[in-house]
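Data block below; observations after.
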Amino acid sequence: MINKILPTLRDAVADIKDGATVMIGGFGGAGMPNELVDALREHGAKNLTIVNNNAGNGDFGLALLIKEKRVRKIICSFPRQADSHHFDAAYRSGELELELVPQGNLSERIRAAGVGVAGFYVRTTFGTPLAEGKEIREFNGVPFVLQEPIHADFALIKADKGDRWGNLVYRKAARNFGPVMAMAAKCTVATVHEIVELGALDPEAVITPGIFVKRIVQIPYVPTPGMKSKV
Amino acid sequence: MINKILPTLRDAVADIKDGATVMIGGFGGAGMPNELVDALREHGAKNLTIVNNNAGNGDFGLALLIKEKRVRKIICSFPRQADSHHFDAAYRSGELELELVPQGNLSERIRAAGVGVAGFYVRTTFGTPLAEGKEIREFNGVPFVLQEPIHADFALIKADKGDRWGNLVYRKAARNFGPVMAMAAKCTVATVHEIVELGALDPEAVITPGIFVKRIVQIPYVPTPGMKSKV
Amino acid sequence: MAWTKDQLAARVAQDIPTGSVVNLGIGMPTSVANHIPATHEIILHSENGILGMGPAPAPGEEDFDLINAGKQPVTLNAGASYFHSADSFGMMRAGHLDVCVLGAFQVSEKGDLANWHTGAKDAIPAVGGAMDLAIGAKKTFVMMDHVTKSGASKIVPHCSYPLTGVGCVARVYTDLAVLEVGPNGAKLVELAPGVSFEEMQGKTGVVVGR
Amino acid sequence: MAWTKDQLAARVAQDIPTGSVVNLGIGMPTSVANHIPATHEIILHSENGILGMGPAPAPGEEDFDLINAGKQPVTLNAGASYFHSADSFGMMRAGHLDVCVLGAFQVSEKGDLANWHTGAKDAIPAVGGAMDLAIGAKKTFVMMDHVTKSGASKIVPHCSYPLTGVGCVARVYTDLAVLEVGPNGAKLVELAPGVSFEEMQGKTGVVVGR
Chain A
1365 MINKILPTLR
1375 DAVADIKDGA
1385 TVMIGGFGGA
1395 GMPNELVDAL
1405 REHGAKNLTI
1415 VNNNAGNGDF
1425 GLALLIKEKR
1435 VRKIICSFPR
1445 QADSHHFDAA
1455 YRSGELELEL
1465 VPQGNLSERI
1475 RAAGVGVAGF
1485 YVRTTFGTPL
1495 AEGKEIREFN
1505 GVPFVLQEPI
1515 HADFALIKAD
1525 KGDRWGNLVY
1535 RKAARNFGPV
1545 MAMAAKCTVA
1555 TVHEIVELGA
1565 LDPEAVITPG
1575 IFVKRIVQIP
1585 YVPTPGMKSK
1595 V
Chain B
1365 MINKILPTLR
1375 DAVADIKDGA
1385 TVMIGGFGGA
1395 GMPNELVDAL
1405 REHGAKNLTI
1415 VNNNAGNGDF
1425 GLALLIKEKR
1435 VRKIICSFPR
1445 QADSHHFDAA
1455 YRSGELELEL
1465 VPQGNLSERI
1475 RAAGVGVAGF
1485 YVRTTFGTPL
1495 AEGKEIREFN
1505 GVPFVLQEPI
1515 HADFALIKAD
1525 KGDRWGNLVY
1535 RKAARNFGPV
1545 MAMAAKCTVA
1555 TVHEIVELGA
1565 LDPEAVITPG
1575 IFVKRIVQIP
1585 YVPTPGMKSK
1595 V
Chain C
160 MAWTKDQLAA
170 RVAQDIPTGS
180 VVNLGIGMPT
190 SVANHIPATH
200 EIILHSENGI
210 LGMGPAPAPG
220 EEDFDLINAG
230 KQPVTLNAGA
240 SYFHSADSFG
250 MMRAGHLDVC
260 VLGAFQVSEK
270 GDLANWHTGA
280 KDAIPAVGGA
290 MDLAIGAKKT
300 FVMMDHVTKS
310 GASKIVPHCS
320 YPLTGVGCVA
330 RVYTDLAVLE
340 VGPNGAKLVE
350 LAPGVSFEEM
360 QGKTGVVVGR
Chain D
160 MAWTKDQLAA
170 RVAQDIPTGS
180 VVNLGIGMPT
190 SVANHIPATH
200 EIILHSENGI
210 LGMGPAPAPG
220 EEDFDLINAG
230 KQPVTLNAGA
240 SYFHSADSFG
250 MMRAGHLDVC
260 VLGAFQVSEK
270 GDLANWHTGA
280 KDAIPAVGGA
290 MDLAIGAKKT
300 FVMMDHVTKS
310 GASKIVPHCS
320 YPLTGVGCVA
330 RVYTDLAVLE
340 VGPNGAKLVE
350 LAPGVSFEEM
360 QGKTGVVVGR
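Chains A, B, C and D, in that order, are what the protein sequence lines are. Each residue of the first sequence is one higher than the one before, starting from 1365 at the first, in our numbering. Each residue of the second sequence is one higher than the one before, starting from 1365 at the first, in our numbering. Each residue of the third sequence is one higher than the one before, starting from 160 at the first, in our numbering. Each residue of the fourth sequence is one higher than the one before, starting from 160 at the first, in our numbering.
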């Protein structure tokens, strides 16, 4: 019987090795799998490359992972927040490498990894510093910039409901990067607030088919905390 | 008030001009918008480029459009069917141009048009006759083949339910090409079996957001007829 | 007498046709939503995967799984839908949005936009969705003060700050005027009440056609 | 005495581990599903956007909006989901499918596959999802007769028919034997009952290692 349900968060991250690339879902607090990030922190892996839209805030989750110097590199679109002090300090000290990627390129590069696309061209960043070092190519007289996929060893995402095959549905705008990160990682781990019987999710409304998910862990539903706004 | 609902199929296709590129949803009979294709045939536009997974079968819909010599070129993955006699005749006579595209490249090239991607690289077709004339490029030592987007003037698709903003849900595997074609065309026209009040579709389960749809027309639900199998 | 921020938001709102799909940037642009006439139905897009975003919730009703690009809690209007980030930015990039309204540090007379980075060496960079939005929408409007705090024109021959996008801005809305920018340079659309052309031109770093 | 088609399907089914996500090609490969042991839970993928495909419906229960790649009506198992064509083929291309089973005209000892076109000048070409599937699945199995109707080996040094994919086939299942193919050439895995190695080798266009 296919059963992707694991009993504990700890089990779900136990084989994340030093040096791994780990995608972390979420936009602001919505969809941020803080429980899994805390488990990763307790687990101890270091020298990580993290892919997230932001770069941690406050004194929890990803921010603590950065504070504890476990992150070598972060690939994100918007690291600066009102309370991103742990990122700010690590970045300014030079010990944390930052690859800044516009959010649309970030999400499409993640999807590309998930669908076997080795490179693609978009207009975004043409003529800006973020196109430096990248190939420019004209299509029909318009310049486009080559983007490469972002693959990962693990994706840690937060969904709402799931079943033992790993089918997922999300909650409101907490969906954001979850579906594409699930496609892009070798091993996707999702937390859900509810595990339902196989067949209980409407096949028409499954957002992430189980093929993209390797492990799910149930956690209690706790309302997502508010965040300080972008600076 | 935003109201994308049109009273008749005829209204919905009235401005399709000679020479237009028209995407037609469907895989086999499922999702085939025969009612819209019939309206297009009655409307009279000719010299069309058609994008569909197949190339018509039997003596209805797309097959009749081909029979009546209204199609200049067809872009598809699987034209040959047990009863694709109108396509077969037009192709053999040399009057119908065929661009044969593997189904995965076809669907991803359509999506690329819908998301502003000007080109992308996949492994599919490398070393085969369908890569002839296309750019080959290695990424990490593996050869990939450049694919260009497929844009369209119109997409004709069959959905199940819709609202006045154009939000759509589909019926079972009739979904297939509908969502990506809706993204890729300048003007997407969808038939639905039921028009629901705005807000009646679950925001979590909308498959095609209304932003991708310009016109919807209600038609009666008729069970999709069976097709002869692939040869 | 120039436009107040509120009047300016109302002026931008006038140029958003009914039925438009609109993305309002963080900060000042967000307030444009408050000035859309009730008779106008527009659809608000949020980069994190929402179409049909509604106003802020009543106090105590906040759900931080339902937030806008500025991470503020919002609501949904009837007709709303959720989608993932790649589809959300695909909508932008392929020109499915009718209008986006962004803030800016500088706009060039050709329509180049600089709004993500001051170029300061010690600044922590952050770009978010700005570059995708700027080049993606059918029309990109900028809403900003006409001059900096030190009085320098924010409408410039060439942006000195790092660019967000090239030639992407269609119109600039400031406290003093509405200007078109583009291949033919800057051109006056409308002056704020009580502002003379000469006063506006005197505070503008490029020649404004009229 | 060689395997019947039914026995061959059962033999292929043996090599599909429980829990696999599997795509079965049109024709002979489709019958593999009938031989998966009831104790094995596998998830069937259909290129038109289904995971968790079930068996054919009872007569009279057909719904032609729920069909497989061969356009035959199917059912759904509990746990199934629908998705659009681009996501469906993305699953293949990025290696999310564990196994696919395809028919073939020819397979080369290096694992090249020819299964979409005979190369005949008057043939109407059709490729469907064959090329995406062939190169995409983690393991591509081919199921075919060992020789053509005229007795020629379908396992060849180099395919003479147009290729579907290069070096993509892992195993070939024929009425006579199971062979591995790949960079090191063809190698015997198993002979059908009553078939001698010499008989099989005599009907095979390449040297088979053992």
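Just so you know, even glycine gets a beta-carbon here, dropped at the ideal spot from N, CA and C.
Between B/A1519 and B/A1549, the alpha-carbon positions lie close to 5 Å from each other. Within chain B, the residues whose beta carbon sits less than 8 Å from that of D/M251 are G1468, listed in sequence order. Restricted to the region 1536-1587 of chain B, the alpha helix (DSSP H) segments that are unbroken, complete and at least 4 residues in length are 1542-1548, listed in chain order. Listed in chain order, the positions of the region 199-211 of chain D with a beta carbon within less than 9 Å of a beta carbon of chain A are E200, I201, I202, H204, I209, L210, G211. Rounded to the nearest whole angstrom, the CA to CA distance from B/P1493 to D/W275 is 11 Å.
For A/I1580, no chain D residue has a Cβ inside 8 Å of its Cβ, as the nearest lies near 13 Å away.
At a Cβ-Cβ threshold of 7 Å, A/H1450 and A/K1431 count as neighbours. The beta carbon of C/E349 is closer than 6 Å to those of V337 in its chain, skipping five residues each way along the sequence. Counting C-beta pairs closer than 8 Å gives three or more between the region 306-320 of chain D and the region 350-366 of chain D, which meets the contact rule. Against chain A, a Cβ distance below 8 Å from B/A1569 picks out D1566, E1568, A1569.
In the structure shown, C/L347 adopts extended strand secondary structure according to DSSP, grouped into three states. Fully enclosed beta strand (DSSP E) runs of no fewer than 3 residues occupy 1412-1415 of the region 1403-1439 of chain A, in order along the chain. The alpha-carbon of A/I1580 is positioned some 16 Å away from that of A/D1402. A Cβ-Cβ distance of about 7 Å is found for the pair C/I175 and C/I195, placing them in contact under the 8 Å criterion.
Going by beta carbons, B/G1393 and B/P1589 fall inside the 7 Å limit.
Here the alpha carbons of C/V233 and B/G1483 stand approximately 36 Å from one another.
Look at B/Y1534 here: in three-state DSSP terms it is coil, with no helix or strand label. Around the beta carbon of B/A1564, fewer than 16 other beta carbons lie within 10 angstroms, which makes this residue exposed. Scanning its chain for C-beta atoms nearer than 7 Å, with the 5 sequence neighbours on each side dropped, one finds around C/S205 the residues M212, N227, A228, in chain order. Residues are counted here when their Cβ sits less than 7 Å from a Cβ of chain D; for the region 1402-1433 of chain B the count is zero.
Of the candidates C/A239, C/L183, C/G254, C/A239 places its Cα closest to the Cα of B/L1562. A/V1486 and A/N1469 do touch by the CB rule: their CB atoms are close to 6 Å apart, below 8 Å. With fewer than three CB-CB distances shorter than 8 Å, the region 160-179 of chain D does not count as touching the region 243-251 of chain D. DSSP places D/L338 within a strand segment (E or B) once states are collapsed to three. For the region 292-326 of chain D, the continuous beta strand (DSSP E) assignments of 3+ residues that do not extend past its boundaries occur at 298-302, in sequence order.
The C-beta separation of B/W1529 from C/I202 comes to about 7 Å, placing the pair in contact by the 8 Å criterion.
Within the model, the alpha-carbon separation for B/Y1585 versus D/A237 is close to 26 Å. Note: A/V1401 is not bridge-paired with any residue in the DSSP secondary-structure output. Taking A/I1571 as the centre and dropping the five residues before and after it, the same chain places the C-beta of L1532, V1533, Y1534, R1539, P1543 closer than 7 Å to its C-beta, in chain order. Within the DSSP secondary-structure output, D/T363 pairs in no beta bridge. Of all residues in the region 255-283 of chain C, the ones placed with a Cβ closer than 8 Å to any Cβ belonging to chain B are H255, L256, in chain order. Bridge partners of B/E1461 according to DSSP: B/K1437. Taking the C-beta atoms as reference points, C/V286 is found nearer than 7 Å to A/P1466. No Cβ of chain C is located within less than 7 Å of the beta carbon of B/M1545.
Of the other Cβ atoms in all chains shown, fewer than 16 fall within 10 Å of the Cβ of D/K280; this residue is therefore exposed.
Under the 7 Å criterion on CB atoms, D/G213 is classed as non-interfacial with respect to chain A.
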